[in-house]
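Structure, as structure tokens:
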Amino acid sequence: MAAGKPQVEMPKQPPEERIHNFDEVAQGYTEDMAVGEALRCLACPNPQCVKGCPVDIDIPAFVKLVKEKKFNEAIRKIKEKNALPAICGRVCPQENQCQKLCVLGIRGEPIAIGRIERFAADWEMEHGADNPNPPEKTGGRVAVVGAGPAGLTVAAELAKLGHEVEMFEALHTAGGVLMYGIPQFRLPKEIVQAEVGYVKSFGVELHLNAMIGKLHTVSELFADGFDAVFIGSGAGLPRFLHLPGENLKGVYSANEFLIRTNLMKAYRFPEYDTPITVGDVVAVIGAGNVAMDSARSALRLGAKKVYIIYRRSREEMPARHEEAENAEEEGIDFRLLTNPVRFIGDDRGYMRQVECIRMSLGEPDDSGRRRPIPIEDSEFRIDVDTVVIAIGQTPNPIIQQTTEGLDTTRWNTIVVDEETGRTSIEGVYAGGDVVSGTATVISAMGAGKKAAKAIHEYIMKKG
Amino acid sequence: MYRIKTKRTLTPNVKLFEVEAPDIARKAKPGQFVILRVHEKGERIPITIADADADGGAVTIVFAKVGKTSLLLGELEEGEEILDFLGPLGNPIDVEDYGTILLVGGGVMVGALYYQARALREAGNEVVAVVGARSSDHLIYVDEMKDVSDELHVATDDGSEGYEGLDFLRDLLSERKFDRVFTIGPTSLQKEVSEMTRPYGIPTTVNLFPVMVDGMGMCGACRVTVGGETKFACVDGPDFDGHKVDFDELISRMRYYNPQEKIAMVLCEGEGS
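Protein chains in written order, with our numbering: chain A, 1 to 463; chain B, 1001 to 1273.
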């Protein structure tokens, strides 16, 4: 029976080719592939997959529509719940969400929901989108701070409900981490802008170069007549290791490395003005998705050898399995159970060597992962020209600092009611990485949906 | 888009723009900066704010041609528009009545020094100011600075106008009591001034402008060691205690992209000719 078949593979650029370009690695299903994969769906009477979707997409329904080759209807079905399907189809960790719960996964491979979602979204981009009908206006006005995944979701949801929405984005382009963080070869920026365009098509007004906290404060937004404010300012502040030599020339935060590469397109210097320097040997510290993105970008920027240096073992790596696999295919050298202790430069201040220490794993720590313990006298050095520190980000503090009465944690995340995103200030909601610390695009979108619902109720009640 | 209301050429290499940006003009304070971009493929560069006119809705910037972006910026004419103009970023300087203060500015940053001097004088300070440049034909803002200082000294590297170099400051510092020093300009000048004031223990505020990309705390390119700790000039500064800044590290880091900047500049000038 059909269900016994494995997933339909998605074509990918071969590793030896793709390490020389920034084109998308995963090339997407053809119509036949998408239909073939959709045909594997058992159409369970009690579908589990939906329970794993943070934005409640009616997965069985859209998969059925793809099965029937009703692609336009399929994408309409997805967009009832998700304004950014071409993005989610590419970067959601489906293996931990919808696909994890698929009953086919018990005995074999689950339905490749993400790939089908991506197909439907890409199909629409190719064939032209239906313009959404303008909804009846409620008279409510909402300011959305930050045009990343959380903000875009809130904006789309509230605009669909008839509220007047204005987005305030500090950078020169909308998309947040989708533009500055995730590389072109995983998420083409044209796709991001197309989906931003979809959100704007609901009548959402976008203000770029508008840093809330500096240009306008949250209280000024209320004084300007907004009924509610959503804060989705993300986790944009890079963490450093605070090790000797960290300010040598050639040591980047992953944020800087990726902002230059993705947002500013330094990989096309000098056609684009922003430069980046990558030596022959690059060491990326950390093993999350951002580390994988940095390592794979470094290869494409011309590095001959790229290491991932990580203090725990493969099992504890926070990166998506698929991303680590892609990195490995491309020849990234994983140095696990290894921790840097200092960076050593030459007499002109350029990065030359990283001194590391070997680690072993002890008992589980607070995070539930086994605690890394340095092995005495096991230091060794690796010759390295460029270092990228990818050990996480924390929230940008500017809004927290300039908004009186806004409760925050000691990590500078904003305290909210989890079900509604409501903060300590009436009418102010927050969601995404500024609340959770660094998490995923889809969890930020899930938080955005909840907040949008709560903001809608708040405004309608307020009248 | 941000329209250039006024353009003035101060020296062949230095230009002044009043840029239409009413929201920024309402909020800007001395010591803060903007980040701008001049075309779709352009880089983001920081420029210190040299004045803000809340009523007129304009922000003044004074800049020199040092790289491709500032070259292209300088080629824009009155009435044309700057693509992106973000601000006000960074923390303002602390404007209060310190007593007698010494302000030292050099090069193109004398424009920004003027903005600080005016606010500090209005706050009640007795202002002794020093403006410097490579040579007399590079001096800017001398008359404006006269208007906002009680005493103005001019210095040039080659002695073509006023004092030759900054050595005279040593005498000034030994003869007079200053309650506070503010300096802005080339990093080497800020370092020199900080070293001169250190023996007297005069609190000295510097205004640093390392390499920046986003200018809002995201990239960490602008990290500076201050008192042994890593700080981000964009969000923790750009003003810092000059006696605690590791200037040698800063100067070294500022040169990191020099080779690329030269390539971009040469290619750009090649296109223009």
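Each residue gets a CB set at the ideal place from its N, CA and C atoms; glycine is no exception.
For B:GLN1190, the CB contacts under 6 Å within the same chain, skipping 5 residues up- and downstream, are THR1183, VAL1206 in chain order.
Contact annotation for B:ILE1263 against chain A: PHE269, PRO270, PRO275 [CB-CB distance below 9 Å, chain order]. Put simply, the CB of B:ARG1223 is near chain A, with a gap under 8 Å to one of its CB atoms. Here DSSP, grouped into helix, strand and coil, assigns B:MET1265 to helix. Between A:ALA235 and A:VAL434, the gap from beta carbon to beta carbon is short of 8 Å. Within chain B, no residue has its CB atom less than 9 Å from the CB of A:ARG320, the nearest being about 23 Å off. As a beta-bridge residue in DSSP terms, A:ARG141 pairs with A:GLU164. Counting every other CB atom within 10 Å of its CB across the protein chains shown gives A:TRP123 a total of 16 or more, marking it as buried. Contact between A:TYR429 and A:PHE257 does not hold, since their C-beta atoms are separated by about 32 Å, which reaches or exceeds 8 Å. Between A:GLY405 and A:ILE425, the gap from beta carbon to beta carbon is short of 8 Å. Residue pairing by DSSP places B:ILE1184 opposite B:GLY1105 in a beta bridge. Note on geometry: alpha-carbon atoms of B:GLY1111 and B:ALA1028 lie some 15 Å from one another.
Apart from sequence neighbours up to five positions away, the residues of its chain that approach A:ALA159 with a beta-carbon distance below 8 Å are PRO135, VAL165, VAL199, PHE202, GLY203, VAL204, ordered along the chain. Residue-level contact check: B:VAL1066 does not touch chain A, since none of the beta carbons of chain A fall below 8 Å from its beta carbon. Each of A:ALA295, A:TYR310, A:ARG311 was checked against the Cα of A:LYS304, and the nearest Cα belongs to A:ALA295. Of all residues in the region 168 to 179 of chain A, only ALA170, LEU171, HIS172 come within less than 8 Å of chain B when Cβ atoms are compared, listed by chain position. Under the Cβ distance rule, B:TYR1115 does not count among the residues neighbouring chain A, no pair being separated by less than 8 Å.
Considered as a whole, the region 3 to 62 of chain A harbours 15 to 18, 31 to 38 as its complete alpha helix (DSSP H) runs of no fewer than 4 residues, in chain order.
Only residues of its own chain outside the window of five on either side were considered, and among them LEU208, ASN209 have a CB closer than 8 Å to the CB of A:HIS172, listed in chain order. Taking A:SER233 as reference, the option from A:GLU195, A:PRO149, A:PRO244, A:TYR310 with the minimal CA-CA separation is A:PRO149. Boundaries of the alpha helix (DSSP H) around A:GLU73: 71 to 79. Secondary structure of B:GLU1081 (DSSP, three-state): strand. Contact between the region 1095 to 1112 of chain B and the region 1166 to 1179 of chain B is present, with at least three C-beta pairs closer than 8 Å. Note that the region 82 to 90 of chain A does not touch the region 98 to 105 of chain A; fewer than 3 beta-carbon pairs, one per stretch, sit closer than 8 Å. DSSP places A:LYS200 in the helix class (H, G or I) of the three-state scheme.
Not flagged as an interface residue toward chain B: A:GLY279, since no C-beta distance is shorter than 8 Å. The Cβ of B:PHE1085 sits closer than 8 Å to at least one Cβ of chain A. Residue environment: B:VAL1266 is assigned as exposed (fewer than 16 neighbouring CB atoms within 10 Å of its CB, all protein chains considered). By the rule that beta-carbons nearer than 8 Å mark a contact, A:PRO238 touches chain B. When the five nearest sequence neighbours on each side are left out, the beta carbons in the same chain lying within less than 6 Å of the beta carbon of B:LYS1068 are those of ALA1264, MET1265, CYS1268, in order along the chain. In terms of Cβ geometry, B:LEU1072 and B:VAL1130 do not form a close pair [threshold 8 Å]. Spanning the alpha carbons of A:ILE75 and A:GLU117 requires a straight line of approximately 8 Å.
Interface residue (Cβ-Cβ distance to chain B less than 8 Å): A:SER253 is classified as such.
In the DSSP secondary-structure assignment, B:GLY1031 is not bridged to any residue.
By the CB criterion at 8 Å, B:ILE1024 and B:VAL1034 fall inside the cutoff. A:ILE375 sits exposed, since fewer than 16 C-beta atoms from the chains shown fall within 10 Å of its C-beta.
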